[in-house]
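Below is one structure, written out as structure tokens; the observations come after it.
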Ligand code: GDP
Ligand code: MG
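Numbering (our numbering), first residue to last: 608 to 1344.
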């Protein structure tokens, strides 16, 4: 007695357990059904093999009887126990469809309280429209005929009621092999075959392969497809339909042999059902079942009674048990899978950072970016290249090194090529003079390869560099010309304005050399800034907005300021009155003058050996020297006053001043225009993208720059929703929900 009681109690328990496990799967399907393969049942087979009819028998849901409404998409039918009876029809979008289309089909939702066949037919029609497929083969409208015949969205039908048992089954379009002109194409044939294969593939799917009894199952393509998807044939069950149409004795026997298992190649075996035929339109489902019972009670089918494999009720019970077993078996794996997904989703969301939907979060987001920028910029200025990995890979971003190189080149260019005409060199020593005396070399103005050329257009405007005719004329001829053209009444001297004129001419090339140096440095800085911004701000929309809406303009202004300053420096140095307090000027001048004097005296005088002797006529010292007679000396002073001498003097003054001025100018350009205006100064381009700038942005500007755009927002939402659903699903799986 005791054991019986116990066993009945345990049956009771296991039934409610099954119910709860089925409820759980329904909940999971609701939450993550489109993302994770859940244990499910699919009905597959040829077109018209009786799939929808079997489905009707299993679920009690009757499809509208309309030949034209053959299955054009997968239909998921879920039965669920609810107090109120109703039918809910909606569409689960195909995950790979365009977002707009997904949005559109998701909007489709109909609820039916009473099951009038006409209203159901209407809902199906509307569902077809929502899916965007052709509804009628007869329709000749060209607009309609461009619509596809099949859809990869899923029609979801929920059948709720107080007597429903939890159950979900999917009806897939039937396989066909011949296209119908104006309705189906070869591509459709393949599409459906692929769809069927996809549904059979998952190991958590039980395949119900439907075949009519009037053909030999051995010839059925659907079984071959099932074998491909389920090699061990452990989750494939065959269902024979239309036994009433198998009238030949041999055909009947083949069907019977399959059901009894004498010919079965499937672990799960064959079942046989008889559905309502095309002429049984006015028969209810119940009446249909009654007719089926009577049918299987007759010979030769009555022989199958002992197998328990004939009739829709037997099939229904068996598939439900199968499903429960499968679910129980799959639960631990499912739990692990869902837990993993939760972790992945959390990481993805963390990686996206906080949502930027208000002023506060937007400012924080930009602050973080600007701080990163400032850090890299500081490292680049201090040549602290171990500070960031980017400097290892990108030597073009080692900014201060680039600038130092440009400085050197500039100083060298000015040194070698800055003067229009070579000065005369001193006869004595002064090695340093050689450069200025040299023929100016041709400049090669470096072409910095830049993709940002148009961003900085109009900023530089560098004049042509060499005026070749000035080469032919030597410096002394030039001075002669200037002197003659502007000679005043001064005797033995020249007016200060002449020095100005000559200096301007001699320093003509400073402008192009200096401006192209500035261009090199600015391009290097601009390249650095734009590359670093790309590096630290991967969100292209934010970057574009920041760059084009804000930074670029400020950068241009700051470059322009530096350029303006260098032009001012050029102006001051070249156009102003020659001025210097540097003693090198007079030192150099004196050196030149005295070496000239020595030269002239050497020319005038005679070389003599001079021996100094002591009282006894012994030679104490022997020296060589210049002997100048008094007459010659007079001649010399006369020479000093003539115009030749003035021109030489002009040359020497110009040369001394030029040298002092060039050195001063190069230093000042490097120090002020580059170092202050472009690098270290408070308003240098490198200081623009700072936390201070972010602080100064108003709410609208922040929104423009840092708000998330629709796709990012949508992605975050999607991930957020998925995460929520997967977390709930995990709770369901752990039994805590
Ligand atoms: P599906 O295209 O595979 O979904 O097939 P349906 O379920 O729509 O059935 C196709 C046709 O076969 C319909 O007219 C059904 O009434 C008919 N049919 C289905 N099963 C049986 C059956 O067991 N016996 C008879 N006589 N007709 C059936
Ligand atoms: Mg069908």
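Note that beta-carbon positions come from the ideal geometry of N, C-alpha and C, so glycine has one too.
Asked: How many Å lie between residue 613 and residue 928 at the Cα?; Found: Because residue 613 sits at a pLDDT of 35, beneath the cut-off of 50, its placement in the model cannot be relied upon, and the following sentence gives the value as read from the coordinates. Using only the alpha carbons, I get a separation of about 22 Å.
Asked: For the ligand GDP, is there a heavy atom less than 7 Å away from the beta-carbon of residue 882?; Found: yes
Asked: Quick check on the DSSP output: the alpha helix (DSSP H) that includes residue 548 runs from which residue to which?; Found: In the structure as shown, the chain begins at 608 and stops at 1344. Residue 548 is therefore absent and cannot be evaluated.
Asked: Residue 584 to residue 844, Cα distance in whole Å?; Found: It is not possible to answer for residue 584, since the shown part of the chain is limited to 608 through 1344.
Asked: How about the segment 1205-1223 and the segment 1231-1245: do they share at least three Cβ pairs that are nearer than 8 Å?; Found: yes
Asked: Could you check whether residue 1269 and residue 1021 sit closer than 8 Å to each other, using their CB atoms as the reference points?; Found: yes
Asked: So is residue 865 buried or exposed if we call it buried at 16+ other beta carbons inside 10 Å?; Found: buried
Asked: Would you check if the distance between the CB atom of residue 737 and the CB atom of residue 712 is smaller than 8 Å?; Found: yes
Asked: Evaluate residue 678 with the Cβ neighbour count: other Cβ atoms within 10 Å of its Cβ, from every protein chain shown; 16 or more gives buried, anything less gives exposed.; Found: buried
Asked: Grouping DSSP H, G and I as helix and E and B as strand, with all else coil, what is residue 1336?; Found: helix
Asked: Would a check of beta-carbon distances place residue 1279 closer than 8 Å to chain D?; Found: The chain inventory of the structure shown lacks chain D, comprising one protein chain alone.
Asked: For the alpha helix (DSSP H) that contains residue 1215, what are its first and last residues?; Found: Premise fails: residue 1215 lies in the beta strand (DSSP E), 1213-1220, not in any alpha helix (DSSP H).
Asked: Tell me the DSSP bridge mates of residue 1228?; Found: 1219
Asked: Assuming the contact rule is C-beta atoms closer than 8 Å, residue 1140 and residue 980 should be a hit. Round their C-beta distance to whole Å, please.; Found: 7 Å
Asked: Do residue 849 and residue 824 have their C-beta atoms closer together than 8 Å?; Found: no
Asked: Rank 722, 952, 963, 692 by C-alpha distance to the C-alpha of residue 1146 and give the top, closest one.; Found: 963
Asked: Under the criterion of a Cβ to heavy atom distance below 7 Å, does residue 718 qualify as lining the ligand MG?; Found: no
Asked: Could you tell me if the beta carbon of residue 852 falls within a distance shorter than 7 Å of some heavy atom in the ligand GDP?; Found: yes
Asked: By how many angstroms is the C-alpha of residue 1152 removed from the C-alpha of residue 1130?; Found: 21 Å
Asked: Would the C-beta of residue 758 count as close to the ligand MG, meaning under 7 Å from any of its heavy atoms?; Found: no
Asked: Whole angstroms is fine: what's the gap from residue 1294's alpha carbon to residue 1325's?; Found: 38 Å
Asked: What's the C-alpha gap between residue 1289 and residue 1169?; Found: 13 Å
Asked: Would the segment 826-845 count as touching the segment 810-817 if we require 3 or more Cβ pairs under 8 Å?; Found: yes
Asked: Note down, in chain order, each residue of its chain lying with its Cβ closer than 6 Å to the Cβ of residue 681, except the 5 sequence neighbours on either side.; Found: 761, 777, 779
Asked: May I ask whether a heavy atom of the ligand MG can be found less than 7 Å away from the beta carbon of residue 849?; Found: no
Asked: Does any heavy atom of the ligand GDP sit closer than 7 Å to the C-beta of residue 671?; Found: no
Asked: Taking the alpha carbon of residue 1017 as the point to measure from, which residue in 795, 1128, 659 has its own alpha carbon closest?; Found: 1128
Asked: Below 8 Å, can you find three or more Cβ-Cβ pairs linking the segment 1179-1189 to the segment 1258-1278?; Found: yes
Asked: Report yes if the C-beta of residue 781 is less than 7 Å from at least one heavy atom of the ligand MG; otherwise report no.; Found: yes
Asked: Could you spell out the range, first to last residue, of the beta strand (DSSP E) harbouring residue 765?; Found: 761-768
Asked: Buried or exposed: where does residue 1114 fall if 16 or more other Cβ atoms within 10 Å of its Cβ makes it buried?; Found: buried
Asked: According to the Cβ coordinates, are residue 1301 and residue 985 closer than 8 Å?; Found: no
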